[in-house]
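> Just passing along the structure, written as structure tokens.
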Amino acid sequence: MIIKSEDGRMKIVDRLVVKLINDGAIEEEDREIYEYGFHHGIITLINIICTIVIGIAMKMFWEVIIFMAAYIPLRTNAGGFHAKTQLRCFFYSNFLVVIILAFSRILAGSSILLVILSIAAAAIIIPLAPVEDQNKPLDEKEVLVYGRKARRVLLADLILAGGFKLLSFERGCSTVIVSVFCLSVFLVMGYIKNIMLKRKRNEAE
21 MIIKSEDGRM KIVDRLVVKL INDGAIEEED REIYEYGFHH GIITLINIIC TIVIGIAMKM
81 FWEVIIFMAA YIPLRTNAGG FHAKTQLRCF FYSNFLVVII LAFSRILAGS SILLVILSIA
141 AAAIIIPLAP VEDQNKPLDE KEVLVYGRKA RRVLLADLIL AGGFKLLSFE RGCSTVIVSV
201 FCLSVFLVMG YIKNIMLKRK RNEAE
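Everything in the sequence shown is counted per my numbering, starting at 21 for the first residue and increasing by one.
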């Protein structure tokens with residue numbers, strides 16, 4: 021059973037790392053690095069499994085695969101709003117998957133509306149990305165690098181959506197565009213959150 025220890029890590033990760041140290045597979049000085057890697061690896065795996073299960077339950081398996089392919093790279097580079105705790109993040113993420121798949125089904129074939137959503141998303145992502153998180157601030161070089169990558173991924177996503185449209189895979193097209201639009205909403209939310217946090221810090225000073 022995966023139970024969290026006092027500092028928030030999973031006990032299964034602690035036991036695994038201790039065993040690797042005792043077996044001589046890793047050094048004690050590298051413990052924190054491996055704990056961090058295993059912890060986030062397990063969390064990511066759980067999220068992916070839950071996402072796929074949701075897709076299967078909604079009878080949209082290929083659409084959920086397309087969602088992950090389009091959304092995750094863009095989210096990784098563009099940033100945006102983050103929940104305060106991993107538990108909230110888990111529930112928000114799964115709720116987001118349901119919303120995106122539901123709207124992808126509803127909007128499939130609505131070409132004009134999807135074009136509008138694409139333009140709106142691009143108008144937000146291009147100037148705003150990346151939006152940093154308070155727990156992971158970015159320096160000037162990282163802002164440039166992540167911003168460039170985010171715009172490239174955005175372009176790739178829009179090309180992918182266009183390809184699905186040409187192939188008459190309407191749900192594939194709508195899944196990509198709705199995913200990109202939702203990401204743009206998260207960017208705005210993250211941007212506003214950062215402004216509010218800076219304002220609070222300035223008032224405290």
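We put the beta carbon where it would ideally sit given N, CA and C, even for glycine. Here the structure is a predicted model, which means the values were calculated and not measured.
(1) What residues are listed by DSSP as bridge partners for Val84?
(2) When we look at the beta-carbon of Ile22 and count the other beta-carbons within 10 Å, is it buried (16 or more) or exposed?
(3) Check whether the Cβ atoms of Ala98 and Pro150 sit closer than 8 angstroms, and answer yes or no.
(4) Could you say which of Ile32, Asn114, Thr71 lies nearest to Phe58 if we only look at CA atoms?
(5) Could you check which residue in Val38, Ala89, Tyr91, Asn222 has the C-alpha nearest to that of Ile53?
(6) Give me the residue from Lys104, Asn114, Arg35 with the minimum Cα distance to Ile66.
(7) Would you identify the three-state DSSP class for Gly167, choosing helix, strand or coil?
(8) Checking 8 angstroms against the spacing of the C-beta atoms, do Leu174 and Val200 come in under that value?
(9) Assuming Ile222 is part of the alpha helix (DSSP H), what are its boundary residues?
(10) Which stretch, first to last residue, makes up the alpha helix (DSSP H) that contains Ser124?
(11) Report the option in Val118, Val196, Ile62 whose CA atom is closest to the CA atom of Ala176.
(12) When the Cα of Gly192 is compared with those of Ala90, Ile136, Arg219, Lys213, which residue comes out closest?
Answer, in terms of the structure:
(1) Paired residue(s): none; Val84 is not in a bridge.
(2) Confidence in Ile22 is poor, its pLDDT being 40 and thus under 50, which makes the residue's placement unreliable; the coordinate value appears in the next sentence. With fewer than 16 other Cβ atoms within 10 Å, it is exposed.
(3) Their beta carbons are under 8 angstroms apart, which means Ala98 touches Pro150 by this criterion.
(4) Closest option to Phe58, Cα to Cα, is Ile32.
(5) Of Val38, Ala89, Tyr91, Asn222, the residue nearest in Cα terms is Val38.
(6) Of the listed residues, the one whose Cα sits closest to Ile66 is Asn114.
(7) Looking at Gly167 - three-state DSSP - the assignment turns out to be helix.
(8) Yes.
(9) A small correction: the amino acid at residue 222 is Asn; Ile does not occupy that position in the sequence shown. Element bounds for Asn222: 190-224.
(10) For Ser124, the enclosing alpha helix (DSSP H) begins and ends at 106-127.
(11) The shortest C-alpha separation from Ala176 is found at Val196.
(12) When only C-alpha atoms are compared, the closest one is Ala90.
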